[in-house]
Amino acid sequence: MTRRRTRGVRTLAFLTACAFALTAGGAGVPLDEIRQVLREQALTAPAESRLRDLDAANLAIGLQAIDPAARYFPRALYRSPNQGRDAMSGIGAELLPSGDDLWLLPFQGGAAATAGLTDRARLRTIDGRSIAGLSLDEIAQRLRGPAGTRVVVGIEDAAGGARRLTIERRSFRPLDVELVQPGAHRILRVREFVAGLTRPALLATVDFIENTGAGQSEQDPIILDLRDATGGDLFEALDIAALFLPEGAQLATLAARGGVTKTIRAPAGTDLEQPLILLIGPGTASAAEILAGILRDHGRARLVGQTTYGKCDSQTDVRLSDGSVLRFTNRAVRLPSGEHCSGVGIAPDLAVDTATLNDLSRLVPRAIGAIHER
Numbered sequence: 135m136t137r138r139r140t141r142g143v144r145t146l147a148f149l150t151a152c153a154f155a156l157t158a159g160g161a162g163v164p165l166d167e168i169r170q171v172l173r174e175q176a177l178t179a180p181a182e183s184r185l186r187d188l189d190a191a192n193l194a195i196g197l198q199a200i201d202p203a204a205r206y207f208p209r210a211l212y213r214s215p216n217q218g219r220d221a222m223s224g225i226g227a228e229l230l231p232s233g234d235d236l237w238l239l240p241f242q243g244g245a246a247a248t249a250g251l252t253d254r255a256r257l258r259t260i261d262g263r264s265i266a267g268l269s270l271d272e273i274a275q276r277l278r279g280p281a282g283t284r285v286v287v288g289i290e291d292a293a294g295g296a297r298r299l300t301i302e303r304r305s306f307r308p309l310d311v312e313l314v315q316p317g318a319h320r321i322l323r324v325r326e327f328v329a330g331l332t333r334p335a336l337l338a339t340v341d342f343i344e345n346t347g348a349g350q351s352e353q354d355p356i357i358l359d360l361r362d363a364t365g366g367d368l369f370e371a372l373d374i375a376a377l378f379l380p381e382g383a384q385l386a387t388l389a390a391r392g393g394v395t396k397t398i399r400a401p402a403g404t405d406l407e408q409p410l411i412l413l414i415g416p417g418t419a420s421a422a423e424i425l426a427g428i429l430r431d432h433g434r435a436r437l438v439g440q441t442t443y444g445k446c447d448s449q450t451d452v453r454l455s456d457g458s459v460l461r462f463t464n465r466a467v468r469l470p471s472g473e474h475c476s477g478v479g480i481a482p483d484l485a486v487d488t489a490t491l492n493d494l495s496r497l498v499p500r501a502i503g504a505i506h507e508r
């Protein structure tokens, strides 16, 4: 399959990376080229007045007025969504803004997990100082530091228990699929879909659980945690959906400008027959919610959590003549039912409150119960 690149719309703060520029800014932006690309290739032809209004100083605002998912990346700031996550040095966690709270979500094998942070927790203090009033960038900066240095974070778990945790920063590389609780309930966490990497990592993790999980059987459900999966490569998500469906099953219909459509069906190959539960929520976006919608439409998975973000469109990245990159929506994605989830999201089969959604120890028993209710 031809790969097309897409990203979730929710921005995560990677604690070991530099902040992305929020506007293009500066001189030398190829505005005429951007206008022509959008004029010819965008899913919906932009109004000429919108194209004329684009200017370098406020390019981010102008692009989003045309397409909420559109982004411009100067050459030095572009990271392909298909390259996966590089090795990092830091505390080994992501910052997840959610309403008035800021959550720390540890990476499996990272410094925070090694220090005892097993699931998401609200961040309250850094080195004894409250984070109240600090911007996201300021908080991320205080958490960053060279390998071997330490930081003390004050956290509050989903149940309200408060504690302090000393984390020694170190280098690590995030896994493409994380095994959140090895050997228990087959909980696999996916944060993004990377072309050629996420599907084989998922298969390898399932095989590992089956080969090492004492007392496990093929009737025990696979639990796929998509609560914080913001998207990634659409076709990688479709390939994963195909793992759970018979050959020829309809996966999605891609609609381009002018009513041109293409229907994608599951190829022959590996079939996973275990019961399947997907954990979803407002942070589940783009390719992740398309995966959830496909498996729901085929009755193949139970969805547990809260309604997803609502972005069933596909973006493409176009390299411009100066090496910069323009990302924009070029296809709408329709689920097997014909539904287009953009602006609506995918509703769960079993809805839970926010406190339960954020607490894996409470969410998993509810999810296990849901599979037995079918």
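Under our numbering, read the sequence shown as residues 135 to 508, first letter to last.
Cβ coordinates follow ideal geometry from the N, Cα and C atoms, glycine included.
Bear in mind that the values here come from a model prediction, so they are computed numbers and not experimental data.
Backbone CA spacing between residue i and residue j [nearest angstrom]
i	j	result
A348	E473	Unreliable placement is indicated for A348, whose pLDDT of 47 sits below 50; no coordinate value is reported for it.
L211	P164	16 Å
R258	Q449	36 Å
Q384	R297	49 Å
V438	E182	43 Å
F369	G262	45 Å
L236	Q170	40 Å
L185	D447	21 Å
D431	L379	11 Å
E312	Q242	6 Å
G233	T442	16 Å
V328	R434	23 Å
A481	S458	37 Å
G503	A194	45 Å
S495	A227	19 Å
R461	Y206	6 Å
Q440	A485	6 Å
A214	R453	Residue 214 is actually Ser in this sequence, not Ala. Each residue's alpha carbon lies about 11 Å from the other.
V287	A247	13 Å
Extent of the continuous alpha helix (DSSP H) run through residue i
i	result
R209	Counting along the chain, R209 falls outside any alpha helix (DSSP H), and DSSP gives it neither H nor E.
L177	Note, L177: premise wrong, no alpha helix (DSSP H); not H, not E.
F342	T332 to T346
G427	A421 to D431
T488	T488 to L491
Extent of the continuous beta strand (DSSP E) to which residue i belongs
i	result
S495	Not the beta strand (DSSP E): S495 falls in the alpha helix (DSSP H), residues L494 to H506.
D359	I356 to D359
L257	A255 to I260
R276	It is not in any beta strand (DSSP E) - R276 instead sits in the alpha helix (DSSP H) that spans L270 to L277.
Beta-carbon proximity of residue i to residue j, cut-off 9 Å
i	j	result
P401	Q353	no
D362	R307	no
L270	P208	no
L238	I200	no
D310	D253	no
T332	G382	no
G444	L491	no
L377	T404	yes
Q175	R391	yes
L268	R256	no
Identified DSSP bridge partners for residue i
i	result
G366	F327
V286	T300
A203	Looking at the DSSP assignment, A203 forms no beta bridge with any residue, so it has no partner.
S305	S223
A386	I398
Cβ-Cβ separation, residue j to residue i (assumed contact under 8 Å), whole Å
i	j	result
A386	I398	5 Å
I260	V285	6 Å
V498	I357	7 Å
L429	L412	7 Å
R278	G224	6 Å
D483	R436	5 Å
Any non-hydrogen atom of the ligand FAD within 8 Å of residue i CB
i	result
L454	Inclusion of the ligand FAD in the displayed structure is not the case, the ligand content being empty and no account of it being possible.
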